[in-house]
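Worksheet for the structure shown next.
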Amino acid sequence: MDIPQKLNQYRHQISLAIIASVTIALIAFAAPRFLNILAYFWPLFASTTVLLVIMVAFGGLSQLATETHGEGAGEGLLDYVAAARSEHIAEPQRLE
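Numbered according to my numbering, the sequence shown spans residues 24 to 119.
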């Protein structure tokens, strides 16, 4: 008599587990196989790989170029922008 009461107590969790299991099984059965997906998208994967390799190659070269300029290459521009912002700040006009 104790087991049916426990099952009744956890009926929502049990039904949710069964529904989730059936849903996952149906999706796994209906989904295309991994090799089919890979065969369909191989040009996209290949072009993305080439693009990433090119970005790493140029990123490494540009990193070497920025080391010669030093870390403070953009400090003059940042100082100019910061000074320009403080000059344009005016007191708000009071409407009376």
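By construction, the Cβ of each residue, glycine as well, lies at the ideal position given by its N, Cα and C atoms.
Neighbourhood of histidine 35 by C-beta distance below 6 Å, restricted to the same chain and skipping five residues each side
Closer than 6 Å at Cβ, skipping near neighbours: no residue.
In this structure, how does DSSP classify arginine 34 when only helix, strand and coil are distinguished?
Here arginine 34 sits in helix by DSSP.
Pick helix, strand or coil for leucine 74, following the three-state DSSP scheme.
In the displayed model, leucine 74 falls within a helix according to three-state DSSP.
Return the CA-CA distance between tryptophan 65 and methionine 78, expressed in angstroms with no decimal places.
The straight-line gap separating the alpha-carbon atoms of tryptophan 65 and methionine 78 is approximately 20 Å.
Let me know the secondary structure DSSP gives leucine 61 once reduced to three states.
Helix.
Once DSSP output is grouped into helix, strand and coil, what is the label at alanine 54?
Coil at alanine 54, not helix or strand.
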